[in-house]
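Colleague:
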Amino acid sequence: MLSQSQSLFDPTITRRAVVDAFSKLNPLVQLKNPVMFIVAVGAVLSTMTVLRDVASGTFSGFTLQITLWLWFTVLFANFAEAIAEGRGKAQADTLRKTRSGSTARLLTQYPSLTEHRVVAAELKVGDVVLCEAGDNIPGDGEVIQGIASVNESAITGESAPVIREAGGDRSAVTGGTQVISDCIYVRITSEQGDSFLDRMIALVEGAQRQKTPNEIALSILLAALSIVFLLAVVTLKGFAYYSEIASGLTNSLLSIPVLIALLVCLIPTTIGGLLSAIGISGMDRLIQRNVIATSGRAVEAAGDVDVLLLDKTGTITFGNRMASEFIPANGVDAKRLAEAAQRSSLADETPEGRSIVVLAKELFGIRGHENTEHQTTFIPFTAQTRMSGVDVGIRSIRKGAADAVIKLVESYGSVFPADVKRAVEDIAKTGGTPLVVAEIVENKAVVLGVIHLKDVVKGGIKERFAELRKAGIRTVMITGDNPLTAAAIAAEAGVDDYIAEATPEIKLKRIRDEQAQGHLVAMVGDGTNDAPALAQADVGVAMNSGTQAAREAGNMVDLDNNPTKLLEVVEIGKQLLMTRGSLTTFSIANDVAKYFAIIPAIFATLYATNGTGALSALNIMRLATPESAILSAIIFNALIIVALIPLALRGVAYKPLPASTLLWKNFLLYGVGGIIVPFVGIKLIDMLVVVLHLV
Amino acid sequence: MQTTELLQIALYFGLLIILTPLIGGFMAKIFTGEKTWLTPVLTPVEGFIYKLSGVDDREEMSWKQYACALLVFNLLGFLAVFILMLTQAALPLNPQGVTGTSVLLALNTAVSFMTNTNWQAYSGEAALSYLTQMVGLGVQNFVSAATGIAVMVALARGIARKQGTSVGNFWVDLTRSTLYILLPLSLLLAIILISQGVVQSFGSYVQTTTLEGRSQMIPLGAAASQIAIKQLGTNGGGFFGVNSAHPFENPTPFSNFLQVFSILMLPAALTYTYGKIVGSVKQGWTLFAAMLVVLLIVLGVSLWSETQYNSVLQTAHQMEGKEQRFGVANSMLWGMTTTVASNGSVNAMHDSFSPLAGGMAMLNMMLGEVIFGGVGAGMYGMLMFVVITVFIAGLMVGRTPEYLGKKIEAFEVQMAMVAILAPSAVILIGTMIAVLIPQGLSSLNNQGPHGFSEILYAFTSAAGNNGSAFGGLTVDTPFYNIALSLGMLIGRFGVILPALAIAGSLVGKKYTPPSLGTFPTDKPLFVVLLLAVIGIVGALTFFPALSLGPIVEHLLMNSGKIF
Amino acid sequence: MKTTLIAFRLFLVMTLLTGVLYPLAVTGLGQGFFSHKANGSVLQGLQNKAIGSELLAQKFDSVIYFQSRPSACDYGTVASSASNKGPTSADLQKTAQERRTTFRVHNNLASDQEVPSEMVFASGSGLDPHISPEAARLQMSRVAKARGCNEEQTQALKQLVERSVKSPQFGMFGIPRVNVLQLNRAVDALR
């Protein structure tokens, strides 16, 4: 449900946003955004001027139009924010439906099974509830007994059920999800109203949205710039007064609406109007990728991360070793080895076992049903023997770790062949797992050869890491493998560093070390023992399938349980900051053109000779009349907000490039572009204004 | 322009580029405590100064302690000048028998010299005793410059120190700036200036009879010693009223070259010093490059403007207010140099510059005196713009901005904006009040747009702690003495305190090593960005004001309009 | 309190160092090595009387002397000043026009003769001791005539003017100029 993508302007959301744009005219709402507050105050003052003019019979259509466009500017900014929030609200509504009205089967005297039916909302932390197939889980909690498959599609949108069981790393359940089979006992771990679902609703609605550190800093910058321009415009009134007298003019050149128009054009309304929309849509983009951030701060931090701790399994490799090669012993036919290996693996349902069967079929066309004529006994793998195999009649086939097979072979008085030993070592050196296959017929053991099991690195991951490196992000692979294996996989995947034989303590220490050197670290974790590391990391993404502890410790939860998601999270974080920076640059750069539109216009009659003011020389856009110039500037200023809403919602395009390249690109696009665009835009609007006889 | 004039300008910038690393490197050694060739001579003196003053030179100060020491020390300087000016009639070294000044003039002058502005509402040869010039103003010339250097060094430390709480010791920074840098250089320059004809004497004025039989008084005084430090310390307060246009302050083209070079020498070299302290001279050169670009642009515009035909005065070689021994090119070089570098001494009257040349002088100051700027002051002012640039650029590459490994966050942005806003507010609000009230307008010497420029220039000069003037404006009036004093105080401490606060905040921040994701602040792109920010934040604020002053006057001049 | 005490003591030490010792040292060295210049470059006249400083302009309105640049403070030395008139000043326009006419009439020049800019506009210091070589040459015949020079004397005067032209210092600094007081003093000596 969350993953469904919505077009930028869904009709329902747009309709709601239009209404919200008006309700956001509430002064208390406006006050939160100093830039737009100035515009709103300006609009009110301008309106009062119009009313006064009407009363005194000096009404001018020009003043009215300025006033209207001032209001539009405010409304457009409100609309941008509303539409960004709207997408979140729509999602929140759907989430809320799953929560309402569910009841819980409370076991007051657990482990005694006396059951009380209560409303889910009355549950307290520590209560134990029973959930059987068909029941909704009434709140966030931990499975303390039993195992069940649970449908979490309400939260993740993923229809395949997941297993939840007591103990271990898959014990957390989420309120609002549904048990499909079996039954579990759940201890409630969060207060009502503070459950995962509640927080998610609040997050997507933006109700708890707090300004992030960068957003605060940017707001300060924008407020300060607004003050600078406020000063520039207010004092201009005084300067103009002097100049009017000096040039012998008797009338005032600067009416209140014109001054306000100038002010509104100069203060950074473009970024001011879109700032909150950018922030909201950043969170929204995460949610669309099924990642819930507990705060905007975390999203921003994701953009700053320069070290990624990635679990090998699942992120870098597919997570299973697969047979990649049969290496026969001297004098043994490769097909014979393959056949024996396949035979011994037929009953082996592990991914490794299956991959051997697949490889034998691929290489030698050996099929499963050829082996059914004899009486066969499968020998499963045990920790003691560290071998598995099959007995077919008098023939025993064993496959297993080299040292185990050596012991076996030697116990039959045979010699382990030197070439196989070498093959085993070679495989180990490259990080693979050698699986030796031996055959015992009539108390005689023969080593047939080695199966090369290999961790398969995901396609494209190496390129992805190379890109990250270009963007200044280091990747560190975490694995429980031995250093040799780890090194080989690290080299193949192209990570910058790896931690072999990793324990939670080592992970935590590594994070602290990196942080001590000033790096920002992101990691993915799921198990309880990951919790300290997740909490320590600047960005900790917990898998939704993980333990409650892990979910609490991290500052993001990935509903898809996909560790690769971390890379996308980083990109979204960067995109969020970039969008803010680029639009700020654009907004300020626009001022140049607006000055050249308005200054010559308002001083059109100052120090005039033959009716042309001296400052008309600055009218480099050749705008038709002073009125059309001012009107065009203010119209451009309002429309550019609307024009940039899609960009604010989608975010500026991010490519992992070195910072200096990225900066050049964005500087040219939004800085230089920001100077040129308004020149063109204002000129075009001016022509339109003339054609339509607006002034 | 003549070839020699072009050659001389080329020599000027060539020398500036060559001497920046030499002198800058020397200064860096002074502040990092390394040995220099002056160490053996001056270390005992330094130790003796600390002993006499009770300074513990190993003590480290937090930014607040540093600021507190600075404020107290400056307050004492203010009081000294203030009292000297009021009581000079009764004090020794007063051969001309000048009387005490008015309280407001004393206030204005004391603030002016304490803040390194050296705005002069008086004429030195007529209103001040030798004692006041020497013990009052001369001392402030040294210590106000040393204060600027100290603040810059503290800020550089705040950035450079990987983690800590202290930014240095104000007493030590002040003493070292004075003892190792300002004093030796001043001594050298003063002697060369005397060789060119600058007076240095405690004798009373000489009575002479001219060839045509009129009597002429030849003014004297300890001018050379004061002029040397006034240029090196970017103070700019002239010993004589007409400042460096006076033949006794600036007698020859060579003395002119030395002085105009001295104006920029330390501010330019401090970019290198800064680079050294933060551990990358490229960082210093980047700022140097940005400053140089602006200076070359404004110099080009002013030279172009000054050699255009003025249809009002019917000449393209406008010598009003200029000296024959300097000519137009040297007057422009000086005019631009002194205004970029918050020096404020003049060798030609800015009031009589062509409109755009005068406008460029104003623009230089409006940019916040960060193009080389005052000694130290220019660098810390420029760093305020760097903070804003880094912040915007950082966002543009999708990362919490950091400068030299230190994160730039809300507090830094806030302080930097205060530092940029404070002088701007002084200029705009001050000018507006002055053009609206009779007390402001009655001081005008010119009418029309040029009159507006005179007032705008005065507040710009005060806020930028420059001290140069469109001299026609009568400023020894209660209104201007008070308003400009206020402007100078805000322009000085409204930047110093935020700069120190940033130093204190940055010094406590963790150092983040640079990666490919950090955008480099030592590349041409950064120069472009920095200039864009300075242009937009600095210049756009004043575009309306400038268009009603110099710009409209330029346009009117072309059509022959007079006022 | 400790800070104030240190500040006070250090301020006194600095005052002594930079406000007393430093200027005294400079004065000592200056008086020792460049006594003439340190004391105002005062010129002695024919009767060994001080006739002014070679660095400060004097007023010359007699026809027998070369004229200095106009001075907005009428060559006053305590204190001197400039006109500070701006480029669109009506006053300055009028003054400049008058000075041009006067210079032409005074020196018997054609009405379309270009008058050197420095003779039209007042100097910054009001005490600029120099004029351009061109301005000196334009005044020469008037001076010669006023002094009743014969052909030979006029030639000598001409040579004197050319000799008194100072080229840019070290071949690079400043522009060519003539010191009016020194020229007039030499002219007086010519007799």
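Residue numbers (our numbering), protein chains in the order written: chain A, 14 to 708; chain B, 88 to 650; chain C, -5 to 185.
Heads up, the beta-carbon is just placed ideally off N, CA and C, and yes, glycines get one too.
When the cut-off is 8 Å and only beta carbons count, does glycine 255/B lie next to chain C?
Modeller: Translated into positions along the second sequence, residue 255/B becomes position 168. So no, glycine 255/B is outside the interface.
Colleague: Given a cut-off of 8 Å, decide if alanine 259/A and glutamine 60/B are closer than it, judged by their beta-carbon atoms.
Modeller: The requested residue 60/B is not part of the displayed model; chain B covers only 88 to 650.
Colleague: Would you call the region 177 to 190 of chain B and the region 153 to 167 of chain B in contact, with 3 or more CB pairs under 8 Å?
Modeller: Touching, no, given that fewer than three Cβ pairs across the two stretches are closer than 8 Å.
Colleague: Check the Cβ of valine 277/A against every Cβ in chain B and list those closer than 7 Å, keeping chain order.
Modeller: Within the first sequence, residue 277/A is the residue found at index 264, counting from 1. Ordered by position in chain B, no residue passes the 7 Å Cβ test against valine 277/A, which lies about 15 Å from the chain.
Colleague: Can you tell me the Cα-Cα spacing of leucine 15/A and methionine 213/A, whole angstroms?
Modeller: Counting from one through the first sequence, the residue named residue 15/A turns up at place 2. Counting from one through the first sequence, the residue named residue 213/A turns up at place 200. Below a pLDDT of 50, predicted positions are generally treated as unreliable, and leucine 15/A, at 40, falls in that range; no measurement from the model is reported.
Colleague: So, for valine 459/A: in the same chain, excluding its five sequence neighbours on each side, which residues have a beta-carbon less than 6 Å away from its beta-carbon?
Modeller: For the purposes of this step, residue 459/A is taken as the residue at position 446 of the first sequence. Closer than 6 Å at the Cβ level, and outside the excluded window around valine 459/A, lie Glu452.
Colleague: In whole angstroms, what separates the C-alpha of leucine 40/C from that of proline 354/B?
Modeller: Residue 40/C sits at position 46 when you count from the first residue of the third sequence. Residue 354/B sits at position 267 when you count from the first residue of the second sequence. For leucine 40/C and proline 354/B, the distance between alpha carbons rounds to 49 Å.
Colleague: Tyrosine 598/B CB to nearest chain A CB: under 8 Å?
Modeller: Within the second sequence, the letter at position 511 stands for residue 598/B. Yes - at least one Cβ of chain A is within 8 Å of the one on tyrosine 598/B.
Colleague: From this set, Lys374/A, Asp571/A and Pro124/A, which residue's C-alpha is nearest arginine 356/A's C-alpha?
Modeller: Residue mapping note: residue 356/A aligns to position 343 of the first sequence, counting from 1. The option with the nearest alpha carbon to arginine 356/A is Lys374/A.
Colleague: What separation, rounded to the nearest whole angstrom, lies between the Cα atoms of leucine 249/A and leucine 194/B?
Modeller: Here residue 249/A corresponds to residue number 236 of the first sequence, with the count starting at 1. Here residue 194/B corresponds to residue number 107 of the second sequence, with the count starting at 1. Rounded to the nearest angstrom, the two C-alpha atoms are 30 Å apart.
Colleague: Name the two residues that bound the continuous alpha helix (DSSP H) containing cysteine 278/A.
Modeller: Against the first sequence, residue 278/A aligns to sequence position 265. Note, cysteine 278/A: alpha helix (DSSP H), 269 to 279.
Colleague: With 8 Å as the limit, tell me which residues of the region 110 to 130 of chain C have their beta carbon closer than that to any beta carbon of chain B; keep them in chain order.
Modeller: Listed by position, the residues of the region 110 to 130 of chain C near chain B (Cβ gap below 8 Å) are Ser111, Glu112, Val114, Phe115, Ala116, Ser117, Gly118, Ser119, Gly120, Leu121, Asp122, Pro123, His124, Ile125 and Ser126.
Colleague: Among Ile293/A, Ser73/A, Ala515/A and Ala237/A, which one has its Cα closest to the Cα of arginine 100/A?
Modeller: As a working note, residue 100/A is residue 87 in the first sequence. Taking only the C-alpha atoms, the option nearest arginine 100/A is Ile293/A.
Colleague: Report the three-state DSSP secondary structure of serine 16/A (helix, strand or coil).
Modeller: For this step, residue 16/A is matched to residue 3 along the first sequence. With a pLDDT of 39 at serine 16/A, under the threshold of 50, the predicted position of this residue should be treated as unreliable, though the coordinate-derived value follows. The answer is coil: DSSP assigns serine 16/A none of H, G, I, E or B.
Colleague: Is there a C-beta anywhere in chain B that falls below 8 Å from the one on tryptophan 82/A?
Modeller: The sequence position of residue 82/A within the first sequence is 69, counting from 1. Not closer than 8 Å to any Cβ of chain B, the Cβ of tryptophan 82/A fails to qualify, so no.
Colleague: Taking 8 Å as the cut-off, decide whether the C-beta atoms of serine 210/B and glycine 328/B are in contact.
Modeller: By one-based count along the second sequence, residue 210/B stands at place 123. By one-based count along the second sequence, residue 328/B stands at place 241. Closer than 8 Å, so yes.
Colleague: Applying the criterion that 16 or more other CB atoms from any shown protein chain within 10 Å of the CB defines a buried residue, is glutamate 112/C buried or exposed?
Modeller: On the third sequence, residue 112/C is found 118 positions in, with the first residue counted as 1. Burial call: buried.
Colleague: Which residue's Cα is closest to the Cα of alanine 637/A: Glu581/A, Val703/A and Ala651/A?
Modeller: On the first sequence, position 624 is the one that residue 637/A refers to. Per the Cα distances, Val703/A.
Colleague: Looking at chain A, is there any beta carbon in it that lies within less than 8 Å of the beta carbon of leucine 642/B?
Modeller: Walking along the second sequence from the start, residue 642/B turns up at place 555. Taking Cβ atoms only, chain A reaches closer than 8 Å to leucine 642/B, which makes this a yes.
Colleague: Is isoleucine 45/C helix, strand or coil when you go by DSSP?
Modeller: On the third sequence, residue 45/C is found 51 positions in, with the first residue counted as 1. Isoleucine 45/C falls in the strand class under three-state DSSP.
Colleague: Looking at the structure shown, is arginine 130/A part of a helix, part of a strand, or coil, going by DSSP?
Modeller: Against the first sequence, residue 130/A aligns to sequence position 117. In the structure shown, arginine 130/A sits in a strand (DSSP, three-state: E or B).
Colleague: What did DSSP end up calling glutamine 501/B once you bin it into helix, strand or coil?
Modeller: Within the second sequence, the letter at position 414 stands for residue 501/B. Three-state result, glutamine 501/B: helix.
Colleague: On the premise that glycine 225/B lies in contact with leucine 13/C, defined as a C-beta separation below 8 Å, what is that separation, rounded to the nearest angstrom?
Modeller: As a first step, residue 13/C must be located in the third sequence, where it is residue number 19. As a first step, residue 225/B must be located in the second sequence, where it is residue number 138. Inspection of the sequence shows that residue 13/C is occupied by glycine rather than by leucine. Their Cβ separation, rounded to whole angstroms, is 5 Å, which keeps glycine 13/C and glycine 225/B in contact under 8 Å.
Colleague: With the cut-off set at 8 Å, would you say asparagine 256/B and aspartate 438/B are in Cβ contact?
Modeller: Locating residue 256/B in the second sequence gives position 169, where the first residue counts as 1. Locating residue 438/B in the second sequence gives position 351, where the first residue counts as 1. No, these two residues do not count as a Cβ contact at 8 Å.
Colleague: Under DSSP, the alpha helix (DSSP H) around glycine 26/C begins and ends at which residues?
Modeller: Position 32 of the third sequence holds residue 26/C. Start and end: 16 to 27.
Colleague: Listing by chain order, which chain F residues have their CB less than 9 Å from the CB of glutamine 87/C?
Modeller: Given the protein chain composition of this structure (A, B and C), no chain F is represented.
Colleague: Could you tell me the alpha carbon to alpha carbon distance between methionine 644/B and threonine 82/C, rounded to whole angstroms?
Modeller: Position 557 of the second sequence, counting from 1, holds the residue named residue 644/B. Position 88 of the third sequence, counting from 1, holds the residue named residue 82/C. So the two alpha carbons sit approximately 6 Å from each other.
Colleague: Whole angstroms is fine: what's the gap from glutamine 588/A's alpha carbon to glycine 295/A's?
Modeller: If you number the first sequence from 1, residue 588/A lands on position 575. If you number the first sequence from 1, residue 295/A lands on position 282. So the alpha carbons of these two residues sit roughly 8 Å apart.
Colleague: Does DSSP put serine 73/A in a helix, in a strand, or in coil?
Modeller: For the purposes of this step, residue 73/A is identified with residue 60 of the first sequence, where counting begins at 1. The answer is coil: DSSP assigns serine 73/A none of H, G, I, E or B.
Colleague: Per DSSP, what kind of secondary structure is leucine 215/B in: helix, strand or coil?
Modeller: By 1-based counting over the second sequence, the position of residue 215/B is 128. Correct three-state label for leucine 215/B: coil.
Colleague: Write down the C-beta distance between alanine 590/B and alanine 311/B rounded to the nearest angstrom, noting that I regard them as a contact closer than 8 Å.
Modeller: On the second sequence, residue 590/B is found 503 positions in, with the first residue counted as 1. On the second sequence, residue 311/B is found 224 positions in, with the first residue counted as 1. Wrong, their Cβ atoms sit about 36 Å apart, outside the cutoff.
Colleague: For methionine 644/B, which of helix, strand or coil comes out of DSSP?
Modeller: Within the second sequence, numbered from 1, the residue matching residue 644/B stands at position 557. Correct three-state label for methionine 644/B: helix.
Colleague: Which residues in the same chain as serine 646/B place their Cβ atom closer than 6 Å to its Cβ, once the five residues preceding and following it in sequence are excluded?
Modeller: Position 559 of the second sequence, counted from the first residue, corresponds to residue 646/B. Once the five neighbours on either side are set aside, serine 646/B has no close Cβ partner at all.
Colleague: Could you confirm whether any beta carbon from chain B is found closer than 8 Å to the beta carbon of isoleucine 240/A?
Modeller: For this step, residue 240/A is matched to residue 227 along the first sequence. Judged by the 8 Å Cβ criterion, isoleucine 240/A is in contact with chain B.
Colleague: Which whole-angstrom value describes the C-beta separation of isoleucine 464/A and isoleucine 369/A, a residue pair presumed to lie in contact below a C-beta threshold of 8 Å?
Modeller: On the first sequence, position 451 is the one that residue 464/A refers to. On the first sequence, position 356 is the one that residue 369/A refers to. So it is a contact: roughly 6 Å between Cβ atoms.
Colleague: So the beta strand (DSSP E) phenylalanine 716/A belongs to, where does it begin and stop?
Modeller: The structure shown has nothing for residue 716/A, since chain A only spans 14 to 708.
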